Amino acid sequence: MQYAYARVSAADQNLGRQIEDFLKFGIKQNRIFCDKKSGKDFERKEYTRLIKRLKAGDLLVIKSIDRLGRNYDAIIEEWKKITTKIGADILVLDMPLLDTRDKADNLIGKFISDIVLQLLSFVAENERTNIRLRQAEGIALAKQKGICFGRPKKKYTEMFVKVISMYNDKKIVLADALDLLDVKQSTFYYHLHKIKEN
Numbered sequence: 012m013q014y015a016y017a018r019v020s021a022a023d024q025n026l027g028r029q030i031e032d033f034l035k036f037g038i039k040q041n042r043i044f045c046d047k048k049s050g051k052d053f054e055r056k057e058y059t060r061l062i063k064r065l066k067a068g069d070l071l072v073i074k075s076i077d078r079l080g081r082n083y084d085a086i087i088e089e090w091k092k093i094t095t096k097i098g099a100d101i102l103v104l105d106m107p108l109l110d111t112r113d114k115a116d117n118l119i120g121k122f123i124s125d126i127v128l129q130l131l132s133f134v135a136e137n138e139r140t141n142i143r144l145r146q147a148e149g150i151a152l153a154k155q156k157g158i159c160f161g162r163p164k165k166k167y168t169e170m171f172v173k174v175i176s177m178y179n180d181k182k183i184v185l186a187d188a189l190d191l192l193d194v195k196q197s198t199f200y201y202h203l204h205k206i207k208e209n
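For the record, in the sequence shown the residue sitting at position 169 is 180 according to my numbering, with numbers rising by one throughout.
This is how it looks when you write it as structure tokens:
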């Protein structure tokens, strides 16, 4: 049985190109498993479903090694689990050297395949490390320029602060505070705590 696995890192990214390549290869649509999740680990819903279906003699096709994952040690471990423990084959479309189908009995072919896998897995993790580094540098630079991240802090009107103050000083009761501000009790308490925090 032939299966394929496609992955992108974010929900707004497109899986179309990978799926198209799998269909051209001859894999049926219902045997293509797709995740929109980071490749930092293998805790992915569709990937887990795929692994449960894979059996000895099956073929798993992926577009490129970084679609499998981005953690060097985890990729190597997962590759061995699929090819050794499960007994399935793997084909990486963008790197024909990574095709276990005809290398199982060929020592030189297996050796070359292992070296290429190690190299590409290292490159995938190195790229992930570089992305994190560039991201951290960008955030640090933005903070130096005074750019704030996250939701902006709510600015309260004079009236709102005055009513909260009167409520805290027990000059008015909760019902009066809610009427004056025209808010629900849960909203009032939420902002009361926010003001106290600040």
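Using N, Cα and C, we set each Cβ at its ideal position, and we do this for glycine too. Owing to the predicted nature of the structure, the values given are computational and were not obtained by experimental measurement.
Taking a contact as a CB-CB distance under 8 Å, the pair Arg55 and Lys48 counts as one, their CB atoms being some 5 Å apart.
The Cβ atoms of Ile30 and Tyr14 do not sit closer than 8 Å to each other. Around the beta carbon of Thr95, a 10 Å sphere encloses fewer than 16 other beta carbons of the protein chains shown; the residue is thus reported as exposed.
Across the set Trp90, Met177, Ile158 and Gly98, the C-alpha of Trp90 shows the shortest separation from the C-alpha of Ile126. In this structure, Ile93 places its C-beta atom within 8 Å of the C-beta atom of Leu65.
Going by C-alpha positions, Asp187 is about 40 Å away from Gly157.
Of the residues assessed, Gly80 falls on the buried side of the cut-off, its CB having 16 or more other CB atoms within 10 angstroms. Around the beta-carbon of Ile76, 16 or more other beta-carbon atoms lie within 10 Å, marking it buried.
Closest in alpha carbon position to Gly68, among Arg28, Val103 and Asp113, is Asp113. Counting along the chain, no alpha helix (DSSP H) covers Phe44; the unbroken beta strand (DSSP E) around it starts and ends at Ile43 to Lys47.
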